[in-house]
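Structure first, commentary second.
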Amino acid sequence: MEGGEGGSDIWYCELVDGEWGAPVNLGPTINSSASENYPHIHESGKLYFSSNRAGGYGKLDIYYSTQISGEWSEPRHMAEPINSEADDFAFIAGEDGALGYFVSNRNNSNDNIYRFISTIIRKSSCDELLYNNYCYEFIEENAVKYDTIPFIYEWEFGDGEKAEGEIVEHCYPGPGDYTIRLNLENLITGEILLAQKSYFLQIRDFEQPFIASPDTVRVGQSINLTAYETNLPGWDIERYYWNFDDESIDVGDNVVKSWESPGVYDVQLIVTSSKDASGLSKEACVSKKIVVE
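Residue numbering for the sequence shown follows numbering that gives the first Met the number 0, beginning at 0 and increasing consecutively.
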């Protein structure tokens, strides 16, 4: 078809009001001067396809790409045993990616269907990592009522710190219970009006697993990812499980990782508790995107 990148390409059409639109080429990120075939869109949004482009094990290999902000990421080559030196293609996987099928002519065979069961845990989705905020803005809304009388507005933040002004900002050292008091000083009479207003502020950390790591790293750069700031009250945590979105995993609350290809990787941290008296365990998962340049 005119407008392709080389050999066979992957195209898509949109269904609008019951009618299929004109085919659109996925472009040079997905399609190469070689051949791309057997596309499969997974529930996670990943596009799996086969290609005989350079950089594979030999013949047709299975690749995947993720669409981020409307753009497809650089395709990543799936490792053994999915890919081999033979032709591997027509990959499909279940919702959680733990079970699936593909076709291969490995072992000098004709095209056979293979089933795989992955031991890698990968959630179809995790909660987005939330960041605690300990900084607040305080406003004296009635200040305009006293604009003919000169006052000094003094705020006591309940952590030993003070500030003056009708509008002030303050960052607390961490979670806790704080009582905020507003004192007024009349600059004409010198009278000090203590605790004209009082507020109770309760600051709590988000209850979640927590990923501490750089947001951007270089290809081949080793970084530490830690789960030390995980906040799951009442949990007896048994395991910290990391999925790095490149078919690799690690276990522990402090791990070292490097990526060999540029892209945006959706790192998952899955935390599991010990089993309770009923034999049940709890699980929580967060994700964080790390850019590899």
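All residues carry an ideal CB built from backbone N, CA and C; glycine is no exception.
Source: prediction; values computed, not measured.
Three-state class that DSSP yields for residue i in the structure shown
i: V143; result: Annotation note: pLDDT 46 at V143 (below 50); position unreliable, coordinate value reported separately. Helix.
i: Q267; result: strand
i: I61; result: strand
i: E1; result: coil
i: R105; result: coil
i: I151; result: strand
i: D86; result: coil
i: L129; result: coil
i: P38; result: strand
i: D158; result: coil
i: K122; result: coil
i: Y135; result: strand
i: S31; result: coil
i: T215; result: strand
i: R203; result: coil
i: A21; result: coil
i: L306; result: Given that the chain is displayed from residue 0 to residue 292, the structure contains no residue 306 and the question cannot be resolved.
i: L279; result: coil
i: A97; result: coil
i: Y198; result: strand
i: I302; result: Lying outside 0 to 292, the shown extent of the chain, residue 302 is not represented and no answer is given.
Same chain, Cβ closer than 8 Å to residue i, five either side skipped, listed in chain order
i: F88; result: N36, Y37, S49, L59, I61, F101, V102, S103
Burial state of residue i (16 or more Cβ within 10 Å)
i: V270; result: buried
i: I9; result: buried
i: I289; result: buried
i: V143; result: Any reading at V143 must be qualified, since the residue scores a pLDDT of 46, below 50, and its modelled position is unreliable; no value is offered.
i: G69; result: exposed
i: M77; result: buried
i: K256; result: buried
i: C125; result: buried
i: E139; result: buried
i: E79; result: exposed
i: S277; result: exposed
i: W241; result: buried
i: Y63; result: buried
i: D244; result: buried
i: T65; result: buried
i: E42; result: exposed
i: G55; result: buried
i: E4; result: buried
i: I29; result: buried
i: A21; result: exposed
i: V23; result: exposed
i: L186; result: exposed
i: N223; result: exposed
i: G96; result: buried
i: G2; result: exposed
i: G57; result: exposed
Neighbourhood of residue i by C-beta, 6 Å cutoff - its chain only, sequence neighbours within 5 removed
i: K287; result: L128, I210, V266
i: E155; result: K161, R180
i: I191; result: E184
i: G219; result: S257
i: S197; result: R180
i: F115; result: G99
i: I166; result: I138
i: R52; result: S31, A33
i: G157; result: Y177, T178, I179
i: E168; result: E136
Neighbourhood of residue i by C-beta, 7 Å cutoff - its chain only, sequence neighbours within 5 removed
i: N131; result: D204, F205
i: D16; result: none
i: E40; result: The amino acid at residue 40 is misidentified as Glu; the sequence shows Ile. Same-chain partners within the cutoff: L46.
Cβ-heavy atom distance, residue i to the ligand GTP, below 7 Å
i: A33; result: Within the structure as shown, the ligand GTP is missing, as the structure has no ligands at all.
For residue i, the first and last residue of its enclosing beta strand (DSSP E)
i: C284; result: 282-291
i: G175; result: 175-185
i: S310; result: The structure shown has nothing for residue 310, since the chain only spans 0 to 292.
i: D275; result: Careful: D275 lies outside any beta strand (DSSP E) and carries neither H nor E.
i: D249; result: 248-250
i: W258; result: Per DSSP, W258 belongs to no beta strand (DSSP E) and is neither H nor E.
i: L231; result: Unbroken run through L231: none, as it is neither H nor E.
i: C12; result: From DSSP, C12 is part of no beta strand (DSSP E); its letter is neither H nor E.
i: N223; result: 222-225
i: Y239; result: 236-242
i: Y113; result: 111-116
i: E168; result: 166-170
Quick check: the region 163-177 against the region 191-206, are there 3 or more CB pairs under 8 Å? yes
Would you be able to state if there are at least three C-beta pairs under 8 Å between the region 247-255 and the region 272-281? Flag = no, the region 272-281 and the region 247-255 do not touch.
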